[in-house]
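To start, the structure itself, in structure tokens.
Numbering (UniProt numbering), first residue to last: 1 to 257.
Okay, structure coming up:
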């Protein structure tokens with residue numbers, strides 16, 4: 001079902017596609033809460049895994065950047081690359097905060113749904129430092145983030161909006177504090193994809209409310225809610241993400257990446 005809201009460019013669709021509940025057809029990374037004040041080591045240089053060839057041949061028009069959720073790692077969302085079937089170079093980054101047992105985070109969870117601003121902004125700068133070091137300045141960034149990584153995808157858009165195209169927020173939300181690119185977003189309303197599960201109990205309602213208020217006034221929002229889906233990603237959502245990115249790269253950066 002589609003609905004439009006006067007004065008705000010917004011498309012909301014509740015997907016009727018079948019929920020892929022089996023492990024072979026559903027990709028799920030669950031974000032577990034952490035207690036405030038727990039100290040974890042933070043790395044200063046982000047690790048990554050990359051697609052074969054990465055950008056060693058020609059300078060691509062765009063690259064995909066996967067940003068995992070709390071407690072996961074750089075191997076997680078890279079598994080989505082074949083399912084998305086995008087003919088684009090990609091890299092999957094490891095978050096800087098080491099949690100142990102192979103997991104990492106972009107920032108600690110203090111108040112659920114309302115993260116402290118400074119750690120989020122520090123993580124944003126770390127991602128941009130990686131991009132500046134590893135991606136040609138002319139190449140656009142397509143961030144695809146899940147949960148905490150979804151927030152980080154929105155942070156890339158909100159800090160350097162001209163560099164980002166077709167951002168994808170999956171089971172994520174936006175930061176409450178204003179960011180340097182917010183006024184540009186309000187003026188230009190770039191396309192943004194925000195997908196989430198209808199029965200997601202991990203992301204705090206206050207974060208969903210904040211995102212519901214922010215994105216329609218700062219983007220041409222495509223918002224999709226998937227029945228039966230909890231805090232995860234299913235096949236129907238991946239199909240929608242593929243269609244969204246394909247349309248945007250065709251319209252904004254060409255198909256020669």
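For every residue, glycine included, the Cβ atom is placed at its ideal position computed from N, Cα and C. In this text, all values refer to a predicted model and were calculated from it rather than measured experimentally.
Which of helix, strand or coil DSSP assigns to residue i
i	result
residue 163	helix
residue 79	helix
residue 143	strand
residue 315	Summary: the structure shown does not reach residue 315, with the chain confined to residues 1 through 257, and so no result is reported for it.
residue 134	helix
Residue range of the unbroken beta strand (DSSP E) whose run includes residue i
i	result
residue 98	97-100
Proximal residues to residue i (C-beta, below 6 Å), its chain only, five neighbours per side dropped
i	result
residue 161	181, 184 and 185
residue 102	73
residue 251	none
residue 50	91
Counterpart residues of residue i in DSSP-defined beta bridges
i	result
residue 217	Bridge partners of residue 217: none, in fact.
residue 191	220
residue 111	114
residue 48	93
residue 196	225
residue 105	97
residue 169	145 and 194
residue 64	90 and 142
residue 270	Nothing can be reported for residue 270: it is not among the residues displayed for the chain, which extend from 1 to 257.
8 Å CB neighbourhood of residue i in its chain, flanking five on each side removed
i	result
residue 124	152, 155, 156 and 159
residue 241	84, 144, 168, 170, 193 and 195
Within-8 Å CB hit, residue i to chain C
i	result
residue 203	Absence of chain C from the displayed structure is noted, only one protein chain being present.
Segment limits, alpha helix (DSSP H) that includes residue i
i	result
residue 174	First-last for residue 174: undefined, no H or E at that position.
residue 273	The chain is shown only over 1 to 257; residue 273 falls outside these bounds and no answer can be derived.
Report yes or no: do three or more beta-carbon pairs, one from the region 84-93 and one from the region 117-124, lie closer than 8 Å? no
Do the region 188-202 and the region 218-237 make contact, defined as three or more Cβ pairs closer than 8 Å? yes
With three or more beta-carbon pairs closer than 8 Å as the criterion, would you say the region 204-213 touches the region 126-140? no
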